[in-house]
Structures are given as structure tokens and as C-alpha cells.
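Protein sequences appear in the order of chains A and B.
Just so we're aligned, residue 46 is where the first sequence starts under the numbering used here, counting upward by one.
Just so we're aligned, residue 86 is where the second sequence starts under the numbering used here, counting upward by one.
Only one structure is covered here, and it is reproduced in the block below.
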Amino acid sequence: MIKMGDDIVISVSNLVKYYGDFKALDGVSFKVRKGEIYGLLGPNGAGKTTTIKIIVGILKPNEGEVRVLGHSPQEDPVTVRQLIGYVPEEITLYESLTVYEFFEFIASVRGLDENYFSWVDTLARSFEVDQYYETPIAALSQGNKQKVAIIAALMHKPPILVLDEPIKGLDAKSAKIFKELMQMHIERGGSILFSTHIMDIAESICTRIGIIHHGKILAEGTIEELRQMVGGEGKESLEEAFLILTKEREEISHVVEELRRVLG
Amino acid sequence: MKLRKLWSISKYVYREVLFKSYIYQQNINVSDPEALKKALRGSSVMFYKTMMGIVAVLYPISTFMLIFAFIGNIELEVAQYYASVILGSMVLMDAFLVILLGLIQSSIIFMPSIYIPLQTLNLSDRDISIIALLTFFRVFDIFIVSVTIVSSILAQIAFRNIFLTFLVFLIQSLVFILAMWFVIPVAVRVSRILMVPAVSRKKVLIRIIFYSAYVFALSMVYVLPSLTMSKISENIQMGKVSSFIEALAIYIPPFCSFYLGFALIYGAREIIYPTTGTLFLIILSLLGVRNVTRTFKKFKIEIPISAVERKVKKVREFKLKGKFKALLDKDVKLLIRNVNYAPLLFIGPMIFTIYLIMYLFGMFNINFVINFSSYLASLYIFLSPALIQLEGRYLDFIRTLPVDSRDFIKSKALILTISYLAYAIMIVAFVLITGNVNIFAMLSVLNIIGVYSGIYVILAKVLNDAITEEKGAYSIINTLGFWAYALLVMLFYYILPYAVLIIVSIGGYPEWAGIIATIILQAIYYATVKLKKLAKL
Numbered sequence: 046m047i048k049m050g051d052d053i054v055i056s057v058s059n060l061v062k063y064y065g066d067f068k069a070l071d072g073v074s075f076k077v078r079k080g081e082i083y084g085l086l087g088p089n090g091a092g093k094t095t096t097i098k099i100i101v102g103i104l105k106p107n108e109g110e111v112r113v114l115g116h117s118p119q120e121d122p123v124t125v126r127q128l129i130g131y132v133p134e135e136i137t138l139y140e141s142l143t144v145y146e147f148f149e150f151i152a153s154v155r156g157l158d159e160n161y162f163s164w165v166d167t168l169a170r171s172f173e174v175d176q177y178y179e180t181p182i183a184a185l186s187q188g189n190k191q192k193v194a195i196i197a198a199l200m201h202k203p204p205i206l207v208l209d210e211p212i213k214g215l216d217a218k219s220a221k222i223f224k225e226l227m228q229m230h231i232e233r234g235g236s237i238l239f240s241t242h243i244m245d246i247a248e249s250i251c252t253r254i255g256i257i258h259h260g261k262i263l264a265e266g267t268i269e270e271l272r273q274m275v276g277g278e279g280k281e282s283l284e285e286a287f288l289i290l291t292k293e294r295e296e297i298s299h300v301v302e303e304l305r306r307v308l309g
Numbered sequence: 086m087k088l089r090k091l092w093s094i095s096k097y098v099y100r101e102v103l104f105k106s107y108i109y110q111q112n113i114n115v116s117d118p119e120a121l122k123k124a125l126r127g128s129s130v131m132f133y134k135t136m137m138g139i140v141a142v143l144y145p146i147s148t149f150m151l152i153f154a155f156i157g158n159i160e161l162e163v164a165q166y167y168a169s170v171i172l173g174s175m176v177l178m179d180a181f182l183v184i185l186l187g188l189i190q191s192s193i194i195f196m197p198s199i200y201i202p203l204q205t206l207n208l209s210d211r212d213i214s215i216i217a218l219l220t221f222f223r224v225f226d227i228f229i230v231s232v233t234i235v236s237s238i239l240a241q242i243a244f245r246n247i248f249l250t251f252l253v254f255l256i257q258s259l260v261f262i263l264a265m266w267f268v269i270p271v272a273v274r275v276s277r278i279l280m281v282p283a284v285s286r287k288k289v290l291i292r293i294i295f296y297s298a299y300v301f302a303l304s305m306v307y308v309l310p311s312l313t314m315s316k317i318s319e320n321i322q323m324g325k326v327s328s329f330i331e332a333l334a335i336y337i338p339p340f341c342s343f344y345l346g347f348a349l350i351y352g353a354r355e356i357i358y359p360t361t362g363t364l365f366l367i368i369l370s371l372l373g374v375r376n377v378t379r380t381f382k383k384f385k386i387e388i389p390i391s392a393v394e395r396k397v398k399k400v401r402e403f404k405l406k407g408k409f410k411a412l413l414d415k416d417v418k419l420l421i422r423n424v425n426y427a428p429l430l431f432i433g434p435m436i437f438t439i440y441l442i443m444y445l446f447g448m449f450n451i452n453f454v455i456n457f458s459s460y461l462a463s464l465y466i467f468l469s470p471a472l473i474q475l476e477g478r479y480l481d482f483i484r485t486l487p488v489d490s491r492d493f494i495k496s497k498a499l500i501l502t503i504s505y506l507a508y509a510i511m512i513v514a515f516v517l518i519t520g521n522v523n524i525f526a527m528l529s530v531l532n533i534i535g536v537y538s539g540i541y542v543i544l545a546k547v548l549n550d551a552i553t554e555e556k557g558a559y560s561i562i563n564t565l566g567f568w569a570y571a572l573l574v575m576l577f578y579y580i581l582p583y584a585v586l587i588i589v590s591i592g593g594y595p596e597w598a599g600i601i602a603t604i605i606l607q608a609i610y611y612a613t614v615k616l617k618k619l620a621k622l
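Written out as C-alpha cells, the structure reads:
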């Protein structure tokens, strides 16, 4: 049993997950503290989404344990989901409901009262989705669907946000608003687990970063700590540090060379 | 671009149409790799066309075997009626299959998203509309060609008359044109619904009327030929042609066209009505050809502007509900707005209406209608997994919300039970009005907890397997083990009460004993629901 320290909100310990014979996670461990934005950084297929799905209770690990404010997502999923606001990577909303009906459904299931209405309304206006209240979600653009998913995750003011590539598909204005919202969430004592493969975003918003590759956490720390780990002069960008840690830098130069040769 | 080149491009479009229609019909979770593999196999053009080809060959063979069996030893004048009706039934049944098998695929053909990859290529709008038309033909090609050839060959073997063979070929082709024409407006409408579901009450009401009319029309295309076969059998036993068969053969296309053919060769009293009916069929088919080509000439790749309505509504108007009611409300909306699944809501009352019409026309006896309730209850058992399938790709989403598994299942089981209850109430009203009250008729209502429990248990099985095995509903439902389980549920929850009543009836026990036994069974059924363990969502 993992003991939760005062400031630990999510504790992930030795997660192992198989899909058939494929080992998607190979002993993933990390902790997210209160008031921080923890970035889970990794290339496509590294195991970010699998880790997040285990944390929110959609998948069960073959080994290992997760605790969210002391609760197990596998044993007590309903409580964990009340504590978490989750934006999935693949947006699957009820497409035949209108935006309004969808918010109404989420608010009802989450047991919200009238006190939350102005918050939901403000969120909808901030992301400019209030004009689509009567529109079925199926008719929205991908970016607007993403906004609806974000509002649904923030609606109940959860202490923890679990965000899987949340900025993908957002326009510049909405992305900026969303980053500000994340900052406000942290200032109010909330915590965020943030997954991305876009280095610039991770560099600009994350307090600490865990680099995941082939189902393992390769390195963990602040951006400064990661730069020091790669043994550079401390001036490397996060992208460079990431490529060194995942041993992908050499591979890239080979690929580029091959492309130049074939292109002529 | 040359037609040959466009035909070859339409092959890729058709492949996509088949895959999309499969994914849509099965509501496959695209993040379920196993389900996707099955979908790829199931939507293989070769596999699908082979299956269509087999159906297309077997059906005319079985029909002509009936012709040989029925009319071998009957005098010619009577045989003309029977042969006309059997051939007309075959043609209508083929039309029914064309509509049924082609509708969803045709609907996807009318979805602009299918052609977006083509817009990046060097193809004109006209090229794309021709590709759409050729893809539409690909939906039906093997089936229509196989049926037409096989039935023409069989007609030649059966009648040894080239005129009659040509007639079979001609009428079959005309009816296929009509069937394809019938598919188009429905497919266009369905494609719009697939793109943007209707949400306003008025639109939903219109859609219910549309569903009802469509299901009713399609059911009649199916019921009429099935019914004529049983009527012919009765007629032969009685040794006379009933007025129903005679009217079909002389007045109703396409039956009358075959009668006209026999009349012209062998001589018959009546040819004016069949000639008029056949001319009507030919004119209608020509109109069909014109309309099919016109539809594709006007075909344009554009998403309807009305899809996105911008209208601000203040959130303070939110009507908050309890968790269970919110789930129930959501499930009803998802069901009613999904073209594939919406008929589940009306299937009981719809089937009852059709059989009632048959009863009123003297085609079915009252016992058949009453006993049908047990079949219908079983049907609900086998259809209930569709409600989890409807959730399909959203199952992961609902698992991010604080929802209890029991509420999740209860809401779906309740919807189907209410749909069944509508049927049960209709049947009870029917027996009360006709004065045929008996314990078997009352069982449809008496066993309502059994119906609910059976549906609940099946849904629980799908959900438990989906969660523990981390598979989509589609992967679970498509296993032999699951269907064996469903069969056991059907025997225990729906057949057992009938078996008990039969024992009571045969053993000469009083009816109240049957009623008490049924009530005790309801208590047992309810206990199985309460005791059923559910995996956490």
C-alpha cells in the first residue's frame, strides 16, 4: 500500500500493462504533488495514454498501484472520478446530443447545483461555445469538440486535472485561455497531470516533467534538472534534452541524411 | 476522365463505404483493436460479395423448387395463379433484400466526407458525381446480376418457354430499378441524419413518423410474399384459388405481369388489368431510371450549412436531474437519434400492428397473435446487447464520470422493458376486446419482471466482459459463448413461464395455480437481478 504524503495527490507505483503479448508499460512510477503541473512527456506510443487511462480507472494495470488522494481508481472509481477532471486524447462525446444537452447531462451526473451555472456559462462564453448550445456535437469542428470536452472536465471544479494532449486542435486564443485556466487552477491549490509530445508547451507550463519511452520513465525532474542530466552546458532546449534521453537524436540525423540522399 | 478509370476509382470509394457502413452498423469502438480487425475482415469486399452471391443464388433456387412442388399436378388454369404469385413473391422478396442490404451503404455514399480525399486529386465535380453513381451500382452489382441470371435460367428450365424466361428477366430488372429508386430518398435522408442528428422535438417526431412509415413499408414488402406462400399452401389443400390469391395475380404488380405472361401463352379470361398493371410498372421503372441518374447528376460535395446553428442559450436554464434520470434521458436521446437503433424502441408495437392487420384480414388466427408475445420477448433478449453497442465508443467516456454500473444497466433495461410493455398492453387490450382472455395471453404482462430481468442480466454480462476483458461491446457480442449464454437466459426467463403454464394447462390444474407459479417466478427473477454482481464502471 502506498502511503500518501501531505502534498502527494497522485501516486503511481510500478505500473505494468500488457496488451496481449505487448508490454505497454514496464514499471512506470511517479508522483504528482499538490500545486504542480506534472508533464508526462514522450513520443507517440510511449505509454502516456495507457498510464493516464489507468489513473482515471478506464484500464486496469496487470501490476502496480495507483492512488488518487488516497483512493484507488480500480477499487473506488466513482470517488476518483469525482476528484478528477479528465480531458482524453481521443475526444469521444455523445455526438447526437447538443452542446447544451451534453453539459446538462454532465452537470446532472456530477450532481452539480445552481451555484455552478455561472461558472459553466463563463467557461462556455470564454471558449465561445455558447453560440453552439443548440448544435449537435456531431456538427462541431474538432477544435470546438475539444473545447466542449475541456469545459466538461472543468465544470465541477475538481482538485486534480488529468489532461491528455488537451491543446491539440485548439486555436491560439483558446489555447492561451486554457493555459491561463491551468495557471488559475494551480494558484487555487489544484494539481495537473499533463501529457504531451509537444516540447514547447511542456517547457512553458510544466513544473516537473517525467520522460516516458517504451513504457518506462527514463528521467524525471524540473526542466533544469533534465538539462543537467544530459550533461550539456545547461543551454539545451527541452527538445534536445528529450532527444538525447530517448536516444532518438542519432536516429533523426540518419533519417534526415537518407531523405536528402533519396530526394537528390 | 474516362469511364473505365472512374470505375476503377469507384472500387476504392466502395471499399471505404463498406468499411464505414460496417463500423456504423456495429457501432464499433475504434479504439478496440480486436473489433477493428474483425471489422476489416467483415467488411472485406470479397467476403461481402461472396455472401451476397450465395444469398442471391439460393433464394431463386428455393423459390423455383416451390414452383415445381406446388404446381406439378394442378390444372393449368389454377397453376397460372399460383405460379404468378410465387414469382411475384420472389421478385418482391429480392427487392426487400436489395433495400435492406443496400440502405446503410447507400446512405454513406451520400455523405460528403467520403469524397473529400478525391477533391485533392485531379477530378472534376462531374467525375466525382459519376464515381458516386458507379459506387452506388457497386452496392448492388453481384446481388442483382446473380439473382437475375439464376432466376432466368431456372425459369427456362421450369417453363421451357423463352418468352416467359424473358418476362422473368424483365420484371425482375424493373423491380430492382424501383427498389434502387426507393433506396435513394431514404438513403439521402439517413445520410443527413448520420451527419447531423436531429435534436428538436418537431424533427424527432417527424423522424419517428418517418421510421414508422419506412419500417411498416419494408415489413409489408417482407410480410406480403411470406404470407402468399402460406396462403397458396392452404389453397392447394382446399383445392380452390382464394379471392386473395386471385386478386394478387390479376391486379397487383409485379404479380400481375407474370399472370399476363401465362395468359398470353396459355390463354386466360382476364388480361386487361394485368396489362394495365404491367404498363404501370414499366412507366414507374422508367421514371426510376430518370430519377436515379438525375440525383447523381445533381450530386454535390457540400456539408449542409444548416448543420451548425448558432443560438445563445443561458446556462441558468439548465434543468438538472438526478443521476439515474440523467442517464435515462441520455439513453433515450441517443437511441431515438440513431437511425440504426431507433427502431428498437418501436419494434414491439410495430410488429403487433402488422400482425393485427393480418389478423383483421383473416390471415392469422388469434392464437398465433397471442403466442407471438413469447417470440417477441425472446427477441428483446437478443436485441438488448445493441444498447451497450449503442454506447460503443462512448463506453470509455462514461467511465470517466462518477456513474454506478447498476444505474448504467438499469436505465437501458428499463427502456427496452417499456418498449416491450407497450406491446404487452396492446396484446392484453386485444384479447380483452376480442374476448379471448386466457392465461397465456395474460402472461405477456404477468412476466414483465422476467422480461426486465432477462434484459438486465444480458446487459450485465456484456458490461462485465467489456470491463474485465477490456474489449468493446462488439467483440464480446460476436462470440459463440455469448450467444449460448443469451440462449440460456432466454430459456430461463421467457420459456420457463410458458412451460409452467403448459404443464398447468395439460395437467388440468386450476388457472390460479399457474398465476401463483408465475408470480413466484417473478420474485426469483427479481432476486437474480439483485444478486447479480457487476464490475465497476
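All C-beta atoms in this analysis are idealised placements derived from N, C-alpha and C, irrespective of residue type, glycine included.
Residue i - DSSP class collapsed to helix/strand/coil
i	result
Tyr426 of chain B	coil
Thr250 of chain B	helix
Phe347 of chain B	helix
Thr143 of chain A	strand
Ala69 of chain A	strand
Lys48 of chain A	Low per-residue confidence applies at Lys48 of chain A: pLDDT is 46, beneath 50, and the placement is therefore not dependable, though the value from the model is reported in the following sentence. Lys48 of chain A: coil per DSSP, three-state reduction.
Val61 of chain A	strand
Gly115 of chain A	coil
Gly188 of chain A	helix
Ile390 of chain B	For Ile390 of chain B, the predicted structure reports a pLDDT of 47, less than 50, and the residue's modelled location is therefore unreliable. A value from the coordinates is still provided. Helix.
Tyr594 of chain B	coil
Ile356 of chain B	coil
Ile289 of chain A	helix
Lys224 of chain A	helix
Gly309 of chain A	coil
Residues that residue i contacts on chain A, provided the C-beta gap is smaller than 8 Å
i	result
Phe482 of chain B	Pro133, Thr137, Leu138, Tyr139
Leu419 of chain B	Tyr139, Ser141, Leu142
Asp489 of chain B	Val123
Cβ pair residue i, residue j closer than 7 Å
i	j	result
Thr380 of chain B	Ile229 of chain B	no
Asn59 of chain A	Gly72 of chain A	yes
Ser74 of chain A	Arg112 of chain A	no
Met131 of chain B	Ile227 of chain B	no
Ile82 of chain A	Ile237 of chain A	yes
Leu405 of chain B	Ala152 of chain A	yes
Gln241 of chain B	Thr250 of chain B	yes
Ile335 of chain B	Glu319 of chain B	no
Ile171 of chain B	Ala243 of chain B	no
Leu622 of chain B	Phe493 of chain B	yes
Val585 of chain B	Ala608 of chain B	no
Residue i: first and last residue of the uninterrupted alpha helix (DSSP H) it sits in
i	result
Tyr340 of chain A	There is no way to answer for residue 340 of chain A, as the model of chain A reaches only from 46 to 309.
Val230 of chain B	210 to 244
Leu405 of chain B	No alpha helix (DSSP H) contains Leu405 of chain B, which DSSP labels as neither H nor E.
Paired residues, beta bridge with residue i - DSSP
i	result
Thr241 of chain A	A:Leu86
Asp209 of chain A	A:Ser240
Val125 of chain A	In the DSSP output, where bridge partners are listed per residue, Val125 of chain A has none listed.
Pro181 of chain A	A:Thr143
Phe75 of chain A	A:Val57
Glu110 of chain A	A:Ser58
Tyr131 of chain A	A:Val207
Ile254 of chain A	A:Gly84, A:Gly266
Boundaries of the beta strand (DSSP E) in which residue i is found, first to last residue
i	result
Glu265 of chain A	261 to 266
Ser191 of chain B	Segment 161 to 194 is the alpha helix (DSSP H) holding Ser191 of chain B; no beta strand (DSSP E) there.
Listed by chain order, chain B residues near residue i by CB distance under 8 Å
i	result
Gln311 of chain A	This structure leaves residue 311 of chain A out entirely; chain A is present only between 46 and 309.
Ala152 of chain A	Phe403, Leu405
CB contact check: residue i to chain D, cutoff 7 Å
i	result
Glu149 of chain A	Note that chain D does not occur in the displayed structure, where the protein chains are A and B.
Chain A contact residues for residue i, given Cβ-Cβ distances below 7 Å
i	result
Asn423 of chain B	Ser141
Ala411 of chain B	Phe150, Ser153, Val154
Residue i: contacting residues in chain B (beta-carbon distance under 9 Å)
i	result
Gly318 of chain A	Not covered by the structure: residue 318 of chain A. The range shown for chain A is 46 to 309.
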